[in-house]
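full-length UniProt numbering numbers the first residue of the sequence shown as 1 and each following residue consecutively.
See structure below.
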Amino acid sequence: MSRASGDQECCIRDTALKLFASFFQDSGRKFVVLIFIFNTFHTAKSSKLANSLAMELLLNTKINTVVSPLLVRFPLCKLTSEAEGTTKSDLLSILGIKSKEVPNCYTEIKDVLEGMSHMDFLSLNKIIVNYTDDVKLQFISNGANYGIKVDKIGFNYPSSAISFINRWVDKATLKRVTDVLEPNDINNKSSMLIINAAYLKVTWEIPFDITLTKNAKFYQIDGKVSTVSMMTKMDTCLYFQDENMNIQFVTMKLASFGITMSIALPETRKGLSELLHKLLQEPNYFDQIQNNMKFETIKINLPRFKIKNCFELDKYLKKIGASQLFNETYSGLDRILKKNSTSKNIHLSKVKQKIFIDIDEMGIFRKLPGEMYDETHGLAFGSTEVVGDHPFYFTVNLQTSPLENARRYHLFQGVYYGPEN
Numbered sequence: 001m002s003r004a005s006g007d008q009e010c011c012i013r014d015t016a017l018k019l020f021a022s023f024f025q026d027s028g029r030k031f032v033v034l035i036f037i038f039n040t041f042h043t044a045k046s047s048k049l050a051n052s053l054a055m056e057l058l059l060n061t062k063i064n065t066v067v068s069p070l071l072v073r074f075p076l077c078k079l080t081s082e083a084e085g086t087t088k089s090d091l092l093s094i095l096g097i098k099s100k101e102v103p104n105c106y107t108e109i110k111d112v113l114e115g116m117s118h119m120d121f122l123s124l125n126k127i128i129v130n131y132t133d134d135v136k137l138q139f140i141s142n143g144a145n146y147g148i149k150v151d152k153i154g155f156n157y158p159s160s161a162i163s164f165i166n167r168w169v170d171k172a173t174l175k176r177v178t179d180v181l182e183p184n185d186i187n188n189k190s191s192m193l194i195i196n197a198a199y200l201k202v203t204w205e206i207p208f209d210i211t212l213t214k215n216a217k218f219y220q221i222d223g224k225v226s227t228v229s230m231m232t233k234m235d236t237c238l239y240f241q242d243e244n245m246n247i248q249f250v251t252m253k254l255a256s257f258g259i260t261m262s263i264a265l266p267e268t269r270k271g272l273s274e275l276l277h278k279l280l281q282e283p284n285y286f287d288q289i290q291n292n293m294k295f296e297t298i299k300i301n302l303p304r305f306k307i308k309n310c311f312e313l314d315k316y317l318k319k320i321g322a323s324q325l326f327n328e329t330y331s332g333l334d335r336i337l338k339k340n341s342t343s344k345n346i347h348l349s350k351v352k353q354k355i356f357i358d359i360d361e362m363g364i365f366r367k368l369p370g371e372m373y374d375e376t377h378g379l380a381f382g383s384t385e386v387v388g389d390h391p392f393y394f395t396v397n398l399q400t401s402p403l404e405n406a407r408r409y410h411l412f413q414g415v416y417y418g419p420e421n
């Protein structure tokens, strides 16, 4: 960085700090401006896991889909801390970090994730190993440092193990997410599993006005026309239009510090596939778009929808370079075992993830129509309009801090193709 650009950034930092100091004495809008200032300087952490896994999965499915590479990241960081040889090198490459950064994999975003507790966000993240005394106690005990829990269960009785794990998920998500494991997901050869489950009820900082919701047409990718409940609001959001790709991007704040939701809406119903290929081939494309976004008053039309799906992520992890983890002969994870272990090898047998995302006008903070914010009324003539009446890509994002060299992560990534019969 040149001295001139460094001085410029310092000047903006000072201005941002003054805005932050005045936040507690003035309106919340100044806090939003602060985030915008830093969005223009700090780019997201790109990795094969964050980008390629999601895009490979989304391109491989032609149904409404939501996935969270971030929730897979935490247990993989935990395994990286014990891995050796090419396994460790492969994992560091997939995660897009250096060895010294592994212990901070979760801690740098811990506060933002824990801050979502007042919204309806529930999750369970576990590494489960076959019950044995050969696993080091330290590997079992320090999982919380990586945002996960490590547990031992006997896999000798697969059906009992599956039922027990599924009851864990039921309890952690208040039965909003159930049956992550299926009857054949554990067998007598299973060694270690990664299980992710999460539920999010999206709660907006500026809710949609339920009195403006009406039935509208949704144009699906196969030419069919469906009916959706189309929500509408006016909001001051980050916005950018890529005229080369003919895609509108809008980012709206959710009701938790550092959490936003972005919508990428191609001009035509067939433009989604082109966008996903673009994101796969150019991992920093979405970050570049975010850094070019400006605040505008937008009329937003978005369908009310729910997506729940479950995926086995083994083949996607192998495709991006994690195949050694699954090697039954040598996985590079023997450091998990005690030095005097009689076990020959411990390896990753399966990675399962089930996500449920629920999007409506408000979320968990309910308001009567007369109590809605002014932004949801008086739909201004001539304002920019985003109409989600055909397939689009979406992300739920978190930013670690507006004041430091903050990184942005996608908590969830998904596609919406329209109502499913």
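C-beta: ideal position from N, C-alpha, C; glycine also.
Can you find the residues in the same chain that come closer than 6 Å, C-beta to C-beta, to residue i, ignoring five residues on each side of it along the sequence?
i, result
"THR384", "GLU296, ILE298"
"LYS201", "ASP120, ASP358, GLY363, ILE364"
"ILE165", "LEU181"
"SER256", "GLY115, MET116, MET119"
"LEU57", "VAL67, TYR316"
"GLY28", "For GLY28, the predicted structure reports a pLDDT of 41, less than 50, and the residue's modelled location is therefore unreliable. The matter cannot be settled from this model."
"ASN292", "PHE240"
"THR232", "LEU212, ASN301"
"GLU267", "ASN246"
"LEU280", "MET55"
"LYS306", "ASP358"
"SER341", "ASP134"
Below 8 Å between beta carbons: does that hold for residue i and residue j?
i, j, result
"ASN196", "LEU59", "no"
"residue 427", "ILE355", "Absent from the model: residue 427. The displayed extent of the chain is 1 to 421, so no value can be given."
"ILE300", "ASP235", "yes"
"ILE259", "VAL396", "yes"
"ASN188", "PHE155", "yes"
"GLN324", "THR86", "yes"
"LEU265", "GLN248", "yes"
"LEU276", "TYR393", "yes"
"THR400", "VAL112", "yes"
"LYS110", "GLY147", "yes"
"GLU361", "PHE208", "yes"
"LEU190", "ASN130", "The question names Leu, but residue 190 is Ser in the sequence shown. Yes, these two residues count as a Cβ contact at 8 Å."
"LEU122", "ALA198", "yes"
"ILE217", "THR203", "Note that residue 217 is Lys in the sequence shown, not Ile. No, the Cβ-Cβ distance between LYS217 and THR203 is not below 8 Å."
"ILE127", "LYS78", "yes"
Based on the DSSP secondary-structure assignment, which residues constitute the bridge partners of residue i?
i, result
"VAL387", "ASN301"
"VAL66", "GLY414"
"LEU79", "Partner(s): none; LEU79 has no beta bridge."
"LEU337", "VAL135"
"VAL396", "MET261, PHE412"
"LEU193", "ILE128, LYS350"
"LYS149", "LYS126"
"ASP358", "LYS201, LYS306"
Drop a sphere of 10 angstroms on the beta-carbon of residue i, count the other beta-carbons inside from all chains shown, and report buried for 16 or more, exposed for fewer.
i, result
"PRO303", "buried"
"ASP334", "buried"
"ALA21", "Note that ALA21 scores a pLDDT of 38, beneath 50, so its modelled location is shaky; the value from the coordinates is reported in the next line. Its Cβ having fewer than 16 others within 10 Å, ALA21 is exposed."
"ALA144", "exposed"
"SER118", "Residue identity differs from the one stated: residue 118 is His in this sequence, not Ser. Flag for HIS118 reads exposed."
"HIS377", "A caution first: HIS377 carries a pLDDT of 46, below 50, which makes its placement in the model too unreliable to give a value."
"GLU114", "exposed"
"ARG73", "buried"
"ARG408", "buried"
"SER141", "exposed"
"ASN84", "The identity of residue 84 in the sequence shown is Glu, whereas the question assumes Asn. When all chains shown are included, GLU84 counts as exposed."
"GLY223", "exposed"
"LEU411", "buried"
"THR251", "buried"
"residue 426", "No answer is possible for residue 426: it lies beyond the span of the chain, which begins at 1 and ends at 421."
"PRO183", "exposed"
"LYS350", "buried"
"LEU348", "buried"
"VAL253", "For the record, residue 253 in the displayed sequence is Lys; it is not Val. Flag for LYS253 reads buried."
"LEU174", "exposed"
"GLN413", "buried"
"SER262", "buried"
Leaving out five residues before and five after residue i in sequence, what residues of the same chain have Cβ atoms less than 7 Å from its Cβ?
i, result
"ILE63", "TYR417, GLU420"
"TYR219", "VAL225, ARG269, ASP389, HIS390"
"SER343", "THR132, ASP134, LEU337"
"SER229", "THR213, ASN215, PRO303, ARG304"
"ALA161", "ILE153, GLY154, PHE155, ILE186"
If you drop the 5 nearest sequence neighbours on each side, which residues of the same chain put their C-beta closer than 8 Å to that of residue i?
i, result
"LYS352", "VAL180, LEU181, ASP185, LEU193, ILE194, ILE195, ASN196, CYS310, PHE311, GLU312, LEU313"
"THR329", "ASN345"
"GLY321", "LYS48, ASP90, SER93, ILE94"
"GLY332", "ALA83, GLU84, GLY85, THR86, THR87, LYS88, GLN324, LEU325"
With a floor of 3 residues, list each beta strand (DSSP E) that falls wholly inside the segment 96-121, ordered by position along the chain. none
Tell me the start and end of each unbroken beta strand (DSSP E) in the segment 196-262 that is at least 3 residues and wholly inside, in chain order. 214-219, 225-242, 247-253
Could you pull out every unbroken alpha helix (DSSP H) segment of at least 4 residues lying fully inside the segment 262-334, listed in chain order? 271-281, 285-292, 314-317
In chain order, each alpha helix (DSSP H) run of at least 4 residues that lies wholly inside the segment 117-146: 137-141
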